[in-house]
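In this note's numbering, the protein residues as written are -14 to 674.
This is the structure:
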């Protein structure tokens, strides 16, 4: 039987586009109100805020995250190659802006180790190109920590004009100029992606690619911190192969290790790891996580200050951190052009991590987010702070987990965290003058535990899916051994190639009938299947398109043990020779063989089937090459008196076959060529003579 297709009304796309354009260009008070409430979601949920139910959870989670943010902000400044004050600015502004524009109730947006690393690599490269010495570790400035003293101490001996910045701009000034230009461009890309609704780009970053990228970048981060752990001064490697070069330099200079830094690092790592493990083990009994990082920083700062570790043992310390806010400044246009290409992967990674975390926690707590609005939110979390000497931000999993575990209900907690950071910015920052850099490196390395533990999951990942494991290994290796940006690109390209290869060489099978049923399955995979006499049933488990056409034909000929082209050629050759001998009236060949013996030589064994059923249930689409391939086998098998029947075609495949002329001009033979189940095709083939 042939099912009757529904008639769909033709859509006038031009009219629809014009109607949407008229609607979007119109401006009414109600539409303006809706636009503002959509662009600033806080206007929707804040008036409905359930004060009694939410306030204590938000305050508690905000305070805990704020306490965690301060040491992390100071530590991650090492990754970004910038002064700690800029990390504090970043944490403050990101929380405020996401509170206004974000749609997730739980994610913690701020500094993130991966993003800080990517910013730091660009900053280091541009500093080298500008002629600055990356190892110019000036002694920490003394003073009261005011902005004036800090600005004086940051003016280095470089007296040159670089990319439009005046001659008095030194190394630190140029570094933050690069970072803000990079951040501004990343934010612009994210806003443009939101305007043009390009959020689908994140679909090409699979879980294996993201995990591999994060793990590879974590190895790079760990490598970059080792020199601070042991207190040696080595050149900061740039470009491809940074990880290997850095380790070579570490082992070459290991004899110069600072014993004070080594002992401090060992103690801090033991304390931090022990506290983390205990916190993980007894987290169900703790109302909020232990502020171990803050305790370690406070104790280490006091020991360093009163023990005079910098003066006596030459231990490297953070130096003066100014209080207050530096006047805002527009990022330099010339610098934006220099880092425009670097900002693209930064924008994509920042957006993908933010949206994926937002969706994960929205699903967990039964609410919805708007991915496009998230892109706007994270974009403006980069654009606006770039005017206030901040660098790129993203959502971070570890801090988000802490937020949810401490009772977070809304982004009010983000405002509380911002107030904690503001308190440090205004009053407490100078107290961290004597904090050793090795302590900050310990905090960074211990924070990588989650990403580095992915190595333990490789055997389980391999058992689940070998291809995904290969994608993870390739992405991780490229990110660690080449560079983070190249690693991300390699991961995306390699994962796409894996998909293409899997569609180029998919599973193929001949099917047998499940006894006493109308169902058919792979006779190599299942026992007790019966073959259908005079009928071959072929399954191809992929779309049929130009890239796998030859594999389709080879698999079909191999499994059916019949190549119709070779068979037709043999028959023609036999018929030609037979006619020649009949014309001569000689029934024997030059070899002395009879014509019957020629038949045995030229014609293979008798064909054991008269119908070929192609199971199209796994063929999701056909391109022009695919349609022509099916038309080709239809013609070739017809020459051998074998009928080709198609079964289980979806509507798009049927439409492609119709447009390609597979069923003829008037579709008259369609009922004898197309069937809605394999069993119907088999019954039809059995009824044929």
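Idealized CB from N, CA, C, for every residue including glycine.
A quick note: this is a predicted structure, and the numbers were derived from the prediction, not measured.
Where does residue i fall in DSSP's three states?
| i | result |
| --- | --- |
| residue 604 | coil |
| residue 519 | strand |
| residue 373 | coil |
| residue 76 | helix |
| residue 673 | coil |
| residue 317 | coil |
| residue 621 | helix |
| residue 240 | helix |
| residue 134 | Caution is warranted here: a pLDDT of 40 is assigned to residue 134, below 50, making its placement in the model unreliable, and no coordinate value can be reported. |
| residue 139 | Because residue 139 carries a pLDDT of 41, less than 50, the predicted location of this residue cannot be relied on, and the following value inherits that uncertainty. DSSP places residue 139 in helix when its eight states are reduced to three. |
| residue 222 | coil |
| residue 126 | Confidence at residue 126 is low in this model, with a pLDDT of 44, below 50, so its placement is unreliable and the value that follows should be read with caution. Coil at residue 126, not helix or strand. |
| residue -10 | coil |
| residue 597 | strand |
| residue 197 | helix |
| residue 157 | helix |
| residue 101 | helix |
| residue 66 | coil |
Measuring straight from C-alpha to C-alpha, what distance separates residue i and residue j?
| i | j | result |
| --- | --- | --- |
| residue 146 | residue 112 | For residue 146, the predicted model reports a pLDDT of 44, less than 50, meaning its position is unreliable; a value from the coordinates is still stated below. Cα to Cα, residue 146 sits roughly 13 Å from residue 112. |
| residue 567 | residue 527 | 49 Å |
| residue 245 | residue 343 | 43 Å |
| residue 427 | residue 321 | 33 Å |
| residue -9 | residue 170 | 50 Å |
| residue 43 | residue 455 | 42 Å |
| residue 160 | residue 62 | 12 Å |
| residue 671 | residue 179 | 58 Å |
| residue 324 | residue 163 | 8 Å |
| residue 220 | residue 234 | 8 Å |
| residue 462 | residue 201 | 6 Å |
| residue 560 | residue 554 | 10 Å |
| residue 109 | residue 384 | 27 Å |
| residue 5 | residue 181 | 15 Å |
| residue 616 | residue 514 | 30 Å |
| residue 372 | residue 88 | 24 Å |
| residue 539 | residue 668 | 27 Å |
| residue 532 | residue 606 | 13 Å |
| residue 281 | residue 263 | 16 Å |
| residue 40 | residue 13 | 36 Å |
| residue 593 | residue 345 | 56 Å |
| residue 516 | residue 205 | 58 Å |
With a Cβ-Cβ cutoff of 9 Å, do residue i and residue j count as a contact?
| i | j | result |
| --- | --- | --- |
| residue 609 | residue 375 | no |
| residue 397 | residue 47 | yes |
| residue 65 | residue 74 | no |
| residue 175 | residue 25 | no |
| residue 359 | residue 378 | no |
| residue 519 | residue 591 | no |
| residue 350 | residue 389 | yes |
| residue 490 | residue 536 | yes |
| residue 60 | residue 76 | no |
| residue 480 | residue 303 | no |
| residue 431 | residue 279 | no |
| residue 399 | residue 172 | no |
| residue 186 | residue 380 | no |
| residue 155 | residue 466 | no |
| residue 655 | residue 649 | yes |
| residue 411 | residue 308 | yes |
| residue 306 | residue 414 | yes |
| residue 549 | residue 600 | no |
| residue 90 | residue 347 | yes |
Since residue i contacts residue j with CB under 8 Å, what's their CB separation in whole angstroms?
| i | j | result |
| --- | --- | --- |
| residue 420 | residue 285 | 6 Å |
| residue 17 | residue 28 | At roughly 12 Å, the Cβ-Cβ gap does not stay under 8 Å, so residue 17 and residue 28 are not in contact. |
| residue 184 | residue 357 | 6 Å |
| residue 401 | residue 51 | 6 Å |
| residue 496 | residue 522 | 4 Å |
| residue 289 | residue 216 | Actually they are not in contact, since the Cβ atoms of residue 289 and residue 216 sit about 13 Å apart, beyond 8 Å. |
| residue 331 | residue 477 | About 15 Å separates the two Cβ atoms, so there is no contact after all. |
| residue 423 | residue 213 | 5 Å |
Nearer than 8 Å: is that true of the beta carbon of residue i relative to any heavy atom of the ligand FMN?
| i | result |
| --- | --- |
| residue 351 | Among the components modelled here there is no ligand, and therefore nothing to report on the ligand FMN. |
Are any of the Cβ atoms in chain D nearer than 9 Å to that of residue i?
| i | result |
| --- | --- |
| residue 356 | Judged by its chain identifiers, the structure shown contains no chain D, having just a single protein chain. |
Mind pulling the alpha helix (DSSP H) runs of 4 or more residues that sit fully within the region 434 to 499? 434 to 437, 443 to 449, 451 to 466, 469 to 489
As an exercise, report each continuous alpha helix (DSSP H) stretch of at least 4 residues that is fully enclosed by the region 520 to 565, in chain order. 534 to 545
Unbroken stretches of the beta strand (DSSP E), 3 residues or longer, contained in the region 624 to 674: 628 to 632
Quick check on the DSSP output: what are the complete alpha helix (DSSP H) runs of length 4 or more inside the region 336 to 372, in order along the chain? 356 to 371
Which runs of the alpha helix (DSSP H) at least 4 residues long sit entirely within the region 273 to 297? Give them in chain order. 277 to 292
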